[in-house]
Structure formats: structure tokens, C-alpha cells
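Residue numbers (our numbering): 86 to 306.
Every residue, glycine too, gets a C-beta built ideally from N, C-alpha and C.
I have placed the structure first, in the form of C-alpha cells, so that the comments after it can refer back to it.
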Ligand code: T5A
């Protein structure tokens, strides 16, 4: 399976897409299975893939991630500004150069997470979030986004099965996680060409197949 997707006959449109790289993001509530699916897609797409995550992805952005995840008492506005700083660094240092080198960049969370978490969960004005996202990314938008949709209680249960430590956000009340899911569902509705909603309550194999199907559809457009 590895690498086979890129050995298929290439349409002119697809050649054009590959010339500029492809930017794919994964989103979803805590424990939706993003890490699992990011790794499976990367394995299926072969050596041209660059895997990364937000917040993080570069040494500076990973330091910001640590502050973000471990600082009890942090305000939502501080969260937003830390995430924006990390994203500015990540886009300029890693994502844009990789796309320019014709890579397929797969990122675990990106701009839609800020809308869902700091906007819907945290109550910050959505117009401000969109504007900040545009500024720090220089207008870079993913080509394709998979939202792994799952009731948050199931995601939290999945995570608790495997881990003893729960980070600051995972410990928040269920109501906050439900708002995050609502934010993601709104993002999918607002931009159906880019954002594909995947039922993450299915088995990991079925979810992977659904993602590959959407990826093929994207390439053939
Ligand atoms: N954040 C981030 C913001 O608030 N704003 C932002 O703008 C950004 C970018 C980052 C935190 O930062 C916040 C959101 C987050 O709280 P993170 O590292 O992305 O944290 O943490 P999580 O989102 O919680 O990601 P996780 O890695 O913890 O969970 P995943 O990746 O969604 O799930 P995964 O693949 O690790 O799977 C969890 C468990 O479920 C099993 C796995 O084996 C694993 O045990 N699993 C399944 N079980 C049954 N069926 C399936 N289909 C399964 N798929 C996986």
C-alpha cells in the first residue's frame, strides 16, 4: 500500500496540486483518534509526507505548547495569543517551506481548532479569531481538513483507557467539550469543499478507509 497512491496516472490538475504540495489537517474533540489516523494516512501516502502538529511542530512552538498545556489559570485570550504565536512560527519555519518543496504536509490540528476551542468553548469573538488566523498564517488555508466527529464522552473514555495523566483541557467539564464539538460541526457546515466530516465512532480501519476515499476524491477534482 505504501506510496501506491502516488504511482497512479496523474491528471494535469493533480500535477499542478503536487507542484505546490498538499496541506492536510486533522481535527476533532479530545481522543477522537487524530493521532491514529494521521499516522495511518502518512504511512499510506509514502515518503513525501511531513507530519506535524499544533500547537507545536518546531522547537519554539513546542515550548509554547508546553506553556499552553500546563498553565492552570491561563485565560482564554492568553491561550489564543500563545496559539497564534506558535502558529506564526510553525507556518513560516516548517509548513510553508515543506509545501514549497512539494511535500504533503499533514498537521494534527490547525486553524479550525482555534475556532472550536477558543471560539465556541472559550467565547472569544469568532471574527477576531478568523482575522488572527489570517494574519499569522499569511492567508494559508488547508487544502483538505478531516474532522473526526465523535461525542466527547466517548473520546475522553478512549483516552482514559490508555493514560493516567490528563492535561488541563482534558480535565474540563463535559459541557466545554460539547461546545468544541459544536464548533467543529459548524466549521464543517461552513466550508464543505475543504472540510470533510468523518464518523469517528467507527473502527480505526473504517475511519482510515473513509479518509482515503475523501483524499482520492480531492485529487481527482
Ligand atoms: N488546542 C489546540 C486549542 O485549544 N486550540 C488550538 O488552536 C489548538 C491547535 C492539543 C490541545 O490543544 C488544544 C486542543 C487540545 O486540547 P493534542 O495533543 O492535540 O492536544 O491532544 P488531543 O486532541 O487530546 O489528541 P490526542 O492525541 O490525545 O487524541 P487523538 O489524537 O484524537 O486520539 P488518539 O489517536 O491518540 O486515540 C486515543 C485513543 O483511542 C484509541 C487509540 O488507540 C487511543 O488509545 N482509538 C480508537 N479506539 C476505538 N476506535 C477508534 N476508531 C479509535 N481510534 C483511536
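What is the rounded straight-line gap between the Cα of residue i and the Cα of residue j?
i           : j           : result
residue 218 : residue 288 : 33 Å
residue 241 : residue 126 : 23 Å
residue 156 : residue 253 : 8 Å
residue 291 : residue 228 : 22 Å
residue 149 : residue 296 : 30 Å
residue 246 : residue 231 : 24 Å
residue 128 : residue 206 : 33 Å
residue 204 : residue 214 : 7 Å
residue 181 : residue 133 : 15 Å
residue 191 : residue 158 : 31 Å
residue 154 : residue 255 : 10 Å
residue 164 : residue 179 : 22 Å
residue 274 : residue 161 : 25 Å
residue 91  : residue 286 : Only weak support is given to the placement of residue 91: the predicted model assigns it a pLDDT of 35, under 50, and the question is left unresolved by the model.
In three-state DSSP terms, what is residue i?
i           : result
residue 254 : coil
residue 160 : coil
residue 88  : Low local confidence applies: a pLDDT of 30 at residue 88 is under 50, so the model's placement there is unreliable, with the coordinate-based value given in what follows. In the structure shown, residue 88 sits in coil (DSSP, three-state: anything other than H, G, I, E or B).
Determine the extent of the alpha helix (DSSP H) in which residue i is found, giving its start and end residues.
i           : result
residue 147 : 144-155
residue 268 : 259-275
residue 278 : Note, residue 278: premise wrong, no alpha helix (DSSP H); not H, not E.
residue 289 : 289-305
The beta strand (DSSP E) that contains residue i, what's its start and end?
i           : result
residue 112 : 107-113
residue 138 : 134-138
Heavy atom of the ligand GTP less than 7 Å from the Cβ of residue i, yes or no?
i           : result
residue 243 : As far as ligands go, the structure on display features the ligand T5A and does not contain the ligand GTP.
With a cut-off of 8 Å, does the C-beta of residue i fall near any C-beta of chain B?
i           : result
residue 137 : Considering every chain present, this structure includes no chain B. It has just one protein chain.
Problem set entry | Continuous beta strand (DSSP E) assignments of at least 3 residues falling wholly in the stretch 167-253 | 189-193 and 229-234
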